[in-house]
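Mapped onto full-length UniProt numbering, the consecutive letters of the sequence shown carry residue numbers 1 to 827. Every residue gets a Cβ at the ideal spot worked out from N, C-alpha and C, and that includes glycine. All remarks here apply to the structure that follows.
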Amino acid sequence: MILTGIRGSRPARIAILGPGGYGKTTLANAALTHPQVQEQFGGARYFVACESVFSSGALLVELAKTLGVLDGGSDASWSHIHAVLSSKDSIICLDNFESPWEQASDTRHSVEELLSRVTALNSVTLLITMRGTVRPGQTLWTKPALAPLNTLSHNAARDIWEEIGQNYEDAAEELIIAVDYVPLAVSLLAHLAQATSPALLLKDWNQNQTKFIQMGQTHRLSNLEYSIQLSIDSGRMRANPPAKDLLGVLSMLPDGIHTEQLGRFKEILVDMDILSNMRTLQQCSLVHVIGERYQTHPIIRHFCNQQKVISSKYKGSLQNFYVNLASSSPSEAQPMRHAEMVLEVNNTKAMLFDLLKSNYENNSKLVEAIITFTYFHCSMGDHSDKLISQTVETLQQRPSDISVLIRCLQAWGRLYYLASDIENAKVKMQEVERLCLSSPYNNTSLHAGVLTNLSELYQLQGALNEAEVLCQKALKLHKIANDVLGQGNDHKGLGDTFLMLSRLDEAEASYKEALKFHKIANDVLGQGNDHRGLGETFLRLNRLGEAEASYREALSFHKIANSILWQGNDHRGLGDIFLMLHRLDEAEVSYREALKFHKIANDVLGQGNDHKGLGDTFLRLSRLNEAETSYREALKFHKIANSVLWQGNDCLGLGDTFLMLSRPDEAEASYREALKFHKIANDVLGQGNDHRGLGDMYLRLSRLDEAEVSYKEALKFHKIANDVLGQGNDHKGLGDTFLRLSRLDEAEASYREALNFHKIANSVLGQGTDFHGLGKVHMERSQLEDARSMFEKALAMHKKAHSPVWQGLDQEQLNIVLSEMGKATQK
């Protein structure tokens, strides 16, 4: 039925469902390797193991790995994946898809969304295997749907045995009945029968029959466990006892051993011949190569862990390796170390979970490792809080250092912050602050760090005065504690707050002060963040050369610090600069690059900002439908991130788009919605832009008195925000309004004022529109020579700005002037 679906539906979307151990993966592999499928798809047949994948970001990484488009680290890009999958017909199997799908609703939705992107490609045929009976949403599955797998029929079980073991007899018949036709059990027994007669296997089975009979057929996992035990105790395994030790090691690792890590595991597992033991395990069907990893089946792994197959010697070596790996700071790790951290992220998490349940000899080191690892897996886009929450619960049940508990709760709060779950982050940080204040251990630096984190949350909610107060309190405490790094973070936080309050000189001073402290502390990530803050400040001050240099400096530091999130932020900042310089192709490239990084980091707010930047770019390129789509996408992400400020910016962009699409009612509604958000966020610049948008709309609708009021209101806010470009645009809007009202002296004065600001802002496009306005004023006064001069200057500027629309308008007016001058000459 699967082959029929693949051949009959173009393309097919087939879900193979059923309980664990019922042959879903085997069936999918059979389909992928079938001659008809090989003929149809050739080498474009891909198997993606999802067992250790728990988020859309991790799924994207695994897909990129399988397709061969992962360029080191975790640099997975949907655009690269899309390019590969669109280039030719292909078939993909997403195995154990329940791992990413059976998560919290928001994660499930994002996973379904990624799946829908894949299934939207007509060149891709899709198979998934999943435990259970429910298929993921947002995908149109091929009908009729494949029913969930059941146990094998008697004849199918016999066929499998004969295909593998080739010695089917009465004893084999009894064995397949005993294991209730479970596919994995039948397959394992048949493989054992290649070396051991079914009669001897049955004898071994009968020696353990009592346990099986007592449990009955309703407990099929017990049947399966014994099948696994038979395989572990087989002749091949007895002939190579160290293979059992390697099986124990693999059973501790959900992601198994990556082929690139074989050398590392030779160092960890001293005196073990890994390759020889691995061959034995493969021959006994206890290990399979999935992708580039040697892995055991989850059921086998579970059984081995229950039976404590791993030796204490190797268990201790593994534990020490993963605790040390988890303790590595991602921002300080060398490239090879960071690549290893990425490869081992799921194994590390599993090991830390296991150690939490044990009596690990160095509990304080374990907890410190978990705190560091929490920040790392967040940087990978995995915002699951299970590990850190379990750690907190464990600490609360044992006598523990209160400062360690506080730092765990702080990491938990930061995890929520990075997941854009601002309310839960705030609740967690406030709980931490209460603990700091009530603790008999007066850790000033720790308390200060919590205040710094709280200030960031208040910033996101637009409570900027509260954020400033918290930063100042934190700075005071960090000074008392002589904490250099903490003081750097506080100055950076003040810089962010001043930037949002449009107190730009103070922002610049704070970022430079932060940079001084972060240099002393040798904090690479911090220096990158400081340079980025300076870049954003210089951008607002229209010091564009300094802004670009600062963003590029930030990007170099963030690359060294292995910060996916902040590299995305830097690319977005460069996009903002290119947008202001009207280098629109470069702006689009930068915003798309930013979006790639923010998707990997699973940064909701960042993705929203990137879509907003793309919307701004498309608006300037007059690609209005793309602009509307981008702004709506941005608004969706910013709602999830609960960012009041950015929702206002998105609504402003939609207003500008609707205005250009001649949809004035929607434009006005969007501008007013933007103004509402910007007032809540106390965003002076945003309010100025909203009033300017309303002015543009009223001018378009010939509601000139309202236009004048709106432009003057915009000018008031842009003066407060020290926004040079904004003031230029406001004066230009007033000039257009006065021109329409035939108040020519005021119009000329406004255009000249606009021209002064646009020159300071280095806005070529703006200067062109100002000259155009002055030309129209001179035409109204019949000052044709002056009008010609202005329109010629406007045309030159608009050519420089690559604006064909304005060039056409300039030329049209210039032709009229020249015609009038010709008529005057004839007279």
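Closest by C-alpha distance to residue i, when choosing among the options
{"i": "Ser803", "options": "Ile160, Ser502, Asn542 and Ser622", "result": "Ser622"}
{"i": "Leu435", "options": "Ile406, Leu415, Gly449 and Gln461", "result": "Ile406"}
{"i": "Ser670", "options": "Ala681, Ser590, Thr657 and Tyr46", "result": "Thr657"}
{"i": "Met237", "options": "Val287, Arg503, Pro664 and Lys799", "result": "Val287"}
{"i": "Tyr314", "options": "Thr280, Asp271, Phe353 and Ala326", "result": "Asp271"}
{"i": "Glu260", "options": "Tyr294, Leu246 and Asp233", "result": "Tyr294"}
{"i": "Asn363", "options": "Ser400, Val469, Ile2 and Pro136", "result": "Ser400"}
{"i": "Cys408", "options": "Ile300, Arg398, Tyr416 and Glu368", "result": "Glu368"}
{"i": "Asp89", "options": "Tyr631, Tyr360, Lys65 and Thr119", "result": "Thr119"}
{"i": "Lys479", "options": "Ser455, Leu454, Leu446 and Lys428", "result": "Leu446"}
{"i": "Lys428", "options": "Gly413, Lys365 and Tyr360", "result": "Gly413"}
{"i": "Ala754", "options": "Gly773, Ser742, Arg743 and Asp745", "result": "Gly773"}
{"i": "Ser630", "options": "Glu588, Asn689 and Asp665", "result": "Glu588"}
{"i": "Cys471", "options": "Leu451, Gln461 and Asn482", "result": "Leu451"}
Residue j beta carbon less than 7 Å from that of residue i
{"i": "Gly693", "j": "Gly655", "result": "yes"}
{"i": "Val182", "j": "Thr151", "result": "yes"}
{"i": "Pro11", "j": "Thr125", "result": "yes"}
{"i": "Thr372", "j": "Ile388", "result": "no"}
{"i": "residue 858", "j": "Tyr458", "result": "Given a span of 1 to 827 for the chain in the structure shown, any question on residue 858 remains unanswerable."}
{"i": "Arg788", "j": "Val817", "result": "yes"}
{"i": "Leu250", "j": "Thr296", "result": "yes"}
{"i": "Asp255", "j": "Asn324", "result": "no"}
{"i": "Trp566", "j": "Gly615", "result": "no"}
{"i": "Leu17", "j": "Pro148", "result": "yes"}
{"i": "His778", "j": "Asp770", "result": "no"}
{"i": "Leu595", "j": "Asp585", "result": "no"}
{"i": "Ile2", "j": "Ala31", "result": "yes"}
{"i": "Ala667", "j": "Met697", "result": "yes"}
{"i": "Ile14", "j": "Gly5", "result": "yes"}
{"i": "Gln390", "j": "Leu356", "result": "yes"}
{"i": "Ala547", "j": "Phe557", "result": "no"}
{"i": "Ser420", "j": "Ala185", "result": "no"}
{"i": "Ser384", "j": "Ile564", "result": "no"}
{"i": "Leu281", "j": "Leu253", "result": "no"}
{"i": "Ala561", "j": "Leu534", "result": "no"}
Buried/exposed call for residue i, threshold 16 Cβ in 10 Å
{"i": "Arg572", "result": "buried"}
{"i": "Lys426", "result": "buried"}
{"i": "Gly822", "result": "exposed"}
{"i": "Asp705", "result": "exposed"}
{"i": "Gln813", "result": "buried"}
{"i": "Val805", "result": "exposed"}
{"i": "Gly316", "result": "exposed"}
{"i": "Glu267", "result": "exposed"}
{"i": "Ser74", "result": "Reliability of the predicted coordinates at Ser74 is poor, the pLDDT of 49 falling under 50, and the value obtained from them is presented with this limitation in mind. Answer is buried; the Cβ neighbour count reaches 16."}
{"i": "Glu423", "result": "exposed"}
{"i": "Gln410", "result": "buried"}
{"i": "Gln607", "result": "buried"}
{"i": "Ile760", "result": "exposed"}
{"i": "Ser77", "result": "buried"}
{"i": "Pro198", "result": "buried"}
{"i": "Arg781", "result": "exposed"}
{"i": "Glu508", "result": "buried"}
{"i": "Asp233", "result": "exposed"}
{"i": "His154", "result": "exposed"}
Contact set for residue i: own chain, Cβ-Cβ below 7 Å, skip 5 residues either direction
{"i": "Gly381", "result": "Ser55, Gly57, Ala58, Ile600, Ala601 and Asn602"}
{"i": "Gly648", "result": "Ala674, Phe677, His678, Ala681, Asp683 and Gly686"}
{"i": "Ala521", "result": "Val484, Leu485 and Gly488"}
{"i": "Pro241", "result": "none"}
6 Å Cβ shell around residue i - same chain, five flanking residues per side excluded
{"i": "Tyr711", "result": "Gly695, Asp730, Gly733 and Leu734"}
{"i": "His219", "result": "With a pLDDT of only 33 at His219, under 50, the local geometry of the prediction cannot be trusted, and the value read off the model is given with reservation. Around His219: no qualifying Cβ."}
{"i": "Pro144", "result": "none"}
{"i": "Asp723", "result": "Leu685"}
Do the segment 493-502 and the segment 510-530 touch if we need at least three Cβ pairs shorter than 8 Å?
yes
Can you confirm whether the segment 156-172 touches the segment 41-53 when touching is taken to mean that 3 or more C-beta pairs between the two stretches lie within less than 8 Å?
no
Would you be able to state if there are at least three C-beta pairs under 8 Å between the segment 165-179 and the segment 196-203?
yes
Could you tell me whether the segment 98-108 touches the segment 326-341, using the rule of 3 or more Cβ pairs below 8 Å?
no
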